[in-house]
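Per mature numbering (1 follows the signal peptide of the UniProt record, and there is no 0), the sequence shown runs over residues -18 to -1, 1 to 490.
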Amino acid sequence: MRAAVLLIAALLSGRAAAQAIVSSPAPERVAVTVYRNPDRGLEPLNLQWLGGYALVSETRRVRIPAGTSELRFEGVTSGIVPQSAIITGLGPAVLEKNRDARLLSPGALLDASLGERLHLRRTSRATGKVTEQDAIVRATSDGVVIETAAGVEALRCTGLPETLIADRVPADLSAKPTLSVRVRSPEPIERDVTLAYISNNFDWQADYVAELSPAGDRIALFAWMTLANGDQTSLADAQTQAVAGKLNRERVFVDPGQATPIQIQCWPQGTTSDIPIQAIPVNAISEDIVVTGALMRQANAPPPPPPPPPMPERGGDTAEEERLGDVRLYRVPITVTVAGKSQKQVALLRQPSVKVDSILRLRLGQATFDGPLERILVTRNRTAEGLGVPLPAGKLVLYSQRDGRRFLLGEGRIDDHTIGEKFEIPVATATGVRARQQITERTTGRAAMHLVLTNDLPTPQSVEIELPLEARSSGGPRLQKRDGWQLWRVTVPANGTAELRYELGGSG
């Protein structure tokens, strides 16, 4: 008998030891490297649908008892890819990893309390008197059903304000996203461990702000690094980096573990009409831990962000650029907080005087045309032009100043550009210079075209006209081939015109 008692005691002791839970509530230091969505085009960053990702590295101080225990890393991102998690510095063997996707919410709390005893609080609308009684949760799907001493009823169908109160939080519910690992240690230890993992719901882009000089031949170029965190978890005082370039990665979709609201239905006596389903407010079920609505899915996407702010008047800390294999790494020299469900802008680069050429461009087909041209600023990414630095893709806003006031000239986008590459900044539709093209003769397989450029401005204008590859000049200016088009370069004199006659088709 004594041996049996000792055996049972040993089993219970071993079970208790196996159930030891060690919680790490938050990291002491955080580093994050954000990677862009390579498939995103001109659309703005949408916090609800971010296609980039991030590498998050957390340093935590943990105390692990001897034996087998469960180590809970609380406060990881909800977009964590569990299979990517790497834990270093832990010493004892890691037996398994688990991502706890059941997040604390009114709906999850009720589901976990099925069959449990809660407190039901009611307030009289007439007198304001508050009464409390015990209630057992009998059903939670398609409506909440509770049982009190008076019988079985549906929650919030008495016409009185009602609130359910829980004394405790079920052990399998987490107030914030959690990664759990099961470890075994021969002795108690205390040490720093590093948790690194990939997380979805991040993205970044460069937002350029350029200011055109009064002479129109130079721009002051400034760029913001716009970091977007679509996750609910904030990364406070993080060492932040961003990577420009395309990496070979198979996209992994992770359920962020969204909290669900409580749905209630009432079946009042004396009527057969349907009562619209109502959602209980978050504060309709309370407990010691405040349940917020941060995890509730928003019905509508947020509006697109406004254009980036103008460049600061004087310098600040800008990101440090370095080569990382075939991509570029931009390291923010100071720690920043990348808050959840928000965007953060930090200075990326500053080039105070970049030489540009202003040209007018038009691409014509085989039809008649009468309209304005597009103004474009052209430069080359070289030190001689005032650049000579890699430029990540992003949006650009162009300003000019007159009488001390800043005016918007246009918006556009630039792609990734390495050192030495030519790149262009679209400005706007030009006024004062127009093109008029007519078909002067048409036969089978051949068309004779007449193009006239008119300049009403007091200064000469450089113009580039792109024509179909089959175009041939009819004894006039010579055409050049470029990027699959025939190019006509001409300087239209002030208050003057320029003409081109060419043919399309024919034997050539």
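Backbone N, C-alpha and C define an ideal beta-carbon position, used for all residues, glycine too. Computed from a predicted structure; not experimentally measured.
{"query": "Between the alpha carbons of Gly61 and Asn183, how many angstroms are there, rounded?", "result": "6 Å"}
{"query": "Here's a check: name, in chain order, each residue in its chain whose Cβ is nearer than 8 Å to the Cβ of Glu269, leaving out the five neighbours to either side.", "result": "Only weak support exists for where Glu269 lies, its pLDDT of 38 falling under 50; the value from the coordinates is given anyway. Leu91, Ile147, Ala148, Asp149, Arg150 and Val151, listed in sequence order."}
{"query": "Have a look at the DSSP bridge pairing and note the partners of Asp185.", "result": "Ala210"}
{"query": "Suppose contacts are defined by Cβ-Cβ distances below 8 Å. Is Leu373 in contact with Gly392 by that definition?", "result": "no"}
{"query": "Could you tell me which residues DSSP puts in a beta bridge with Gly353?", "result": "Ala417"}
{"query": "Would you kindly report the start and end of the unbroken beta strand (DSSP E) that includes Gly392?", "result": "Arg387 to Ile396"}
{"query": "Just verifying my parser: in three-state terms, what is the DSSP assignment at Pro372?", "result": "coil"}
{"query": "Where Pro354 and Ala430 are concerned, what is the direct C-alpha to C-alpha distance, given to the nearest angstrom?", "result": "22 Å"}
{"query": "Report the residue from Arg460, Ala132, Arg345 and Leu331 whose alpha carbon sits nearest the alpha carbon of Asp299.", "result": "Leu331"}
{"query": "Spatial neighbours of Pro475 within its chain, please: C-beta separation below 7 Å, excluding the five flanking residues on both sides.", "result": "Asn437 and Pro442"}
{"query": "Any chance the stretch 194 to 201 sits against the stretch 13 to 26, with 3 or more Cβ pairs inside 8 Å?", "result": "no"}
{"query": "Quick check: what's the CA-CA separation for Glu144 versus Gln214?", "result": "30 Å"}
{"query": "What does the alpha-carbon distance come out to for the pair Glu303 and Asp174?", "result": "30 Å"}
{"query": "Give me the DSSP bridge partner(s) of Ile401.", "result": "Answer is none; Ile401 lacks a bridge partner."}
{"query": "Determine the direct distance from the alpha carbon of Ser162 to that of Phe405, and round the result to whole angstroms.", "result": "49 Å"}
{"query": "Which residues bound the beta strand (DSSP E) around residue 523?", "result": "Since the first and last residues shown for the chain are -18 and 490, residue 523 lies out of range."}
{"query": "Quick one: Cα of Val44 to Cα of Thr140, how far?", "result": "49 Å"}
{"query": "Going by other Cβ atoms of all chains shown within 10 Å of its Cβ, with 16 needed for buried, is Ala5 buried or exposed?", "result": "Reading off the sequence shown, one finds Ser at residue 5, where the question assumed Ala. Label assigned to Ser5: exposed."}
{"query": "Is there a Cβ from chain B that is less than 8 Å from the Cβ of Pro354?", "result": "Among the chains in the structure shown there is no chain B, since it carries only a single protein chain."}
{"query": "From Asp339, Gln327, Ala220 and Lys228, pick the residue whose C-alpha is nearest to that of Val409; which is it?", "result": "Asp339"}
{"query": "Measure the Cβ-Cβ separation of Val309 and Val318 and say whether it is below 8 Å.", "result": "no"}
{"query": "Determine the DSSP secondary structure at Pro408, reduced to helix, strand or coil.", "result": "strand"}
{"query": "Measuring alpha carbon to alpha carbon, tell me which of Gly23, Pro459 and Arg464 ends up nearest Tyr484.", "result": "Pro459"}
{"query": "Can you grab the Cα-Cα spacing for the pair Leu217 / Thr208, in whole Å?", "result": "15 Å"}
{"query": "For the beta strand (DSSP E) that contains Val112, what are its first and last residues?", "result": "Val112 to Ala121"}
{"query": "Output the distance between the C-alpha atoms of Arg345 and Arg200, rounded to the nearest integer angstrom.", "result": "26 Å"}
{"query": "Exposed or buried, which one is Ala67 when buried takes at least 16 other CB atoms within 10 Å?", "result": "buried"}
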